[in-house]
Amino acid sequence: MATSITLYSYWYYFLPTRQYINVGDNIASGIDLPGAVIKNVSLKLHSATEMLSVNGNNYREYTCSSDKTLPVALKPGQLEMQFKLFGLLPIHKMMVNVVEPPSVIPGGQSIGVLLHTEGVMVVGEAAVEKDGQTFFPARAAGIAVGDLILKINGAKITSEHQLQELVDKYGKQGKDISLLVKHGNRNKLAKINPILCDKTGRYRIGLFIKNSTAGVGTLTFYEPQTKTYGALGHIIADFESGHKLNPVGGKIVEATVKGIHPGKKGAPGEKLGVFKGKSDIIGNIEKNTTCGIYGKLQHGINNPYYTRTIPVAMRYQVEEAPAEILTVLNGDKIEKFKIEIEDILPAGNQGKCMIIKVTDKKLLNSTGGIIQGMSGSPIIQNGRLVGAVTHVFINDPTKGYGVLAENMLKEANLLNMEQTEKIAG
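Numbered per numbering that gives the first Met the number 0, the sequence shown finishes at 424, counting up by one with no gaps.
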């Protein structure tokens, strides 16, 4: 009996609390229970409308053994699934979102990312030296690395240079400055007295700041109906501080790969890319998330391998099996390379959802495996977009992480969630 309870406890902790499935699939798709559990667990299902179908009959509520015929999801919506041991003891509850994922055109194109941030970001501290002593005026006022400075004495801050000039100006006038600072999700005011720095001859408050960033990555997908794109597969963070950058007026443009620095153990490689002067890919950046960047393109994209849209896989449709990635190694030519999806990780980690291994000899000879600039390269398996390349293993460049396409669709607001919540509520 103790062994059985341990087994049930194990699956209780490893089952997700929320699952996404496609219209037309059975409501337990992707839920992998061992045989000993299946025999003793029943499922109690509840939805706000008749969205369950069993042998041609429609239901709002349905109870069944998990090893018997399971209902099929008829339409988008949300239902509650309760697992009961021996039909009596509730052991787990799960919300199931039934969705109709859009079809997308896979990317693979190299893109230049120009991200302008809200205000200026604090990325470090720099002591103010005066009369042989060191001071940190901003730190004393409660300003920390990762904070965003939005205004100074009521004036909006748009650049590092502007902030420096205003601090020096008010310091020369003998005036305190009032900074409007975004700390986490809340704004606060910080009053600071600038100090004349003996080393620089300027009034300073003791901060290193940054207001924009640029880099090269890969476009993952384009959804033609909404003109929405997804790229990178991971968050853009400041290099020094590691804090997320909030985009304001950022954009993506097409990039050309001019060379490759191959990766090796302990030293990640990189694509050497330059932004195109006249770009065929131009889009804004609306969101910067743990699963990539998102926005709208001015016009569609072309893919030599996929001239039409392809389905997007939900998590349960991804297999530990061979797949392929699309990426650019030279110029703007998209190429296809073989990989293996070795492991699909627990659902909690949005940006690192699976472990992938490069198996393509051409790619290994050219790059050593996964390199910087490859982030966002679409992963295709069984004719579906299943995810995107995100990170490389430092000690083994042939391996890395990928993000699930399902998670990217959620961030891009492409899983008809508004309709789902309305039906469920």
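The beta-carbon is built from N, C-alpha and C at its ideal position, and this holds for glycine as well.
Buried or exposed for residue 410, going by 16 or more other Cβ atoms inside 10 Å? Taking the sequence shown and counting its residues from 1, the one referred to as residue 410 is at position 411. The residue in question, residue 410, is buried, as its Cβ has 16 or more Cβ neighbours within 10 Å.
Cutoff 7 Å; reference residue 39; Cβ partners in own chain excluding five residues on either side: Position 40 of the sequence shown, counted from the first residue, corresponds to residue 39. Leaving aside the five residues that flank residue 39 on each side, the residues in its chain whose CB is nearer than 7 Å to its CB run, in chain order, 84, 85.
Taking the beta strand (DSSP E) that residue 64 belongs to, which residues open and close that run? What you label residue 64 is simply residue 65 of the sequence shown in a count that begins at 1. Here the beta strand (DSSP E) through residue 64 covers 60-64.
Among all the DSSP beta bridges, which residues are the ones paired with residue 312? Taking the first residue of the sequence shown as 1, we reach residue 312 at position 313. Answer by DSSP bridge pairing: none, since residue 312 is not bridged.
According to DSSP, is residue 183 helix, strand or coil? Within the sequence shown, the letter at position 184 stands for residue 183. Coil.
Ignore the nearest five residues each way along the sequence and tell me which others in residue 272's own chain have a CB closer than 8 Å to its CB. Translated into positions along the sequence shown, residue 272 becomes position 273. In chain order, 109, 111, 215, 254, 255, 256, 257, 372 place their CB closer than 8 Å to the CB of residue 272, counting only its own chain and leaving out the 5 sequence neighbours on each side.
Residue burial classification, residue 153 (beta-carbon count within 10 angstroms, cutoff 16): Sequence index remark: in the sequence shown, residue 153 carries index 154 (1-based). Exposed, by the Cβ-count rule.
Since residue 52 is in the beta strand (DSSP E), which residue starts that stretch and which ends it? Counting from one through the sequence shown, the residue named residue 52 turns up at place 53. Its beta strand (DSSP E) spans residues 51-53.
Give me the Cα-Cα distance between residue 396 and residue 369, rounded to the nearest whole angstrom. For this step, residue 396 is matched to residue 397 along the sequence shown. For this step, residue 369 is matched to residue 370 along the sequence shown. So the two alpha carbons sit approximately 6 Å from each other.
Contact belief for residue 355 with residue 317 at Cβ below 8 Å, rounded distance in angstroms: As a first step, residue 355 must be located in the sequence shown, where it is residue number 356. As a first step, residue 317 must be located in the sequence shown, where it is residue number 318. Their Cβ separation, rounded to whole angstroms, is 11 Å, which puts residue 355 and residue 317 out of contact at 8 Å.
Neighbourhood of residue 204 by C-beta distance below 7 Å, restricted to the same chain and skipping five residues each side: Along the sequence shown, read from residue 1 onward, the residue named residue 204 stands at position 205. Cβ neighbours of residue 204 beyond the five flanking positions: 136, 137, 166, 191, 193.
Considering Cα atoms alone, identify which of 131, 290, 24, 159 is closest to residue 352. As a working note, residue 352 is residue 353 in the sequence shown. Residue 352 has its Cα closest to that of 290, out of 131, 290, 24, 159.
Leaving out the 5 sequence neighbours to the left and right, which residues in its chain are closer than 8 Å to residue 425 when beta-carbon positions are compared? The question about residue 425 has no answer here: the residues shown for the chain are numbered 0 through 424.
Quick one: give me the first and last residue of the alpha helix (DSSP H) that residue 175 is part of. By one-based count along the sequence shown, residue 175 stands at place 176. Taken as a continuous stretch (DSSP letters only), residue 175 belongs to no alpha helix (DSSP H), as it is neither H nor E.
With a threshold of 8 Å, are at least 3 pairs of Cβ atoms found where one atom belongs to the segment 76-95 and the other to the segment 11-28? yes
With the cut-off set at 9 Å, would you say residue 221 and residue 106 are in Cβ contact? Position 222 of the sequence shown, counted from the first residue, corresponds to residue 221. Position 107 of the sequence shown, counted from the first residue, corresponds to residue 106. In this structure, residue 106 lies closer than 9 Å to residue 221 by Cβ.
To the nearest angstrom, report how far apart residue 197 and residue 293 are at their CA atoms. Taking the sequence shown and counting its residues from 1, one reaches residue 197 at position 198. Taking the sequence shown and counting its residues from 1, one reaches residue 293 at position 294. Near 45 Å, if we compare the C-alpha coordinates of residue 293 and residue 197.
Under 8 Å by Cβ, that's how I've got residue 287 and residue 235 pegged, so tell me the actual separation to the nearest angstrom. As a first step, residue 287 must be located in the sequence shown, where it is residue number 288. As a first step, residue 235 must be located in the sequence shown, where it is residue number 236. Right, their Cβ atoms sit about 5 Å apart.
What is the residue span of the beta strand (DSSP E) that residue 360 lies within? The residue given as residue 360 occupies position 361 in the sequence shown. Run containing residue 360: none in the beta strand (DSSP E); it sits in the alpha helix (DSSP H), 360-366.
Based on the DSSP output, what are the partners of residue 41 in its beta bridges? By 1-based counting over the sequence shown, the position of residue 41 is 42. Looking at the DSSP assignment, residue 41 forms a beta bridge with 64, 83.
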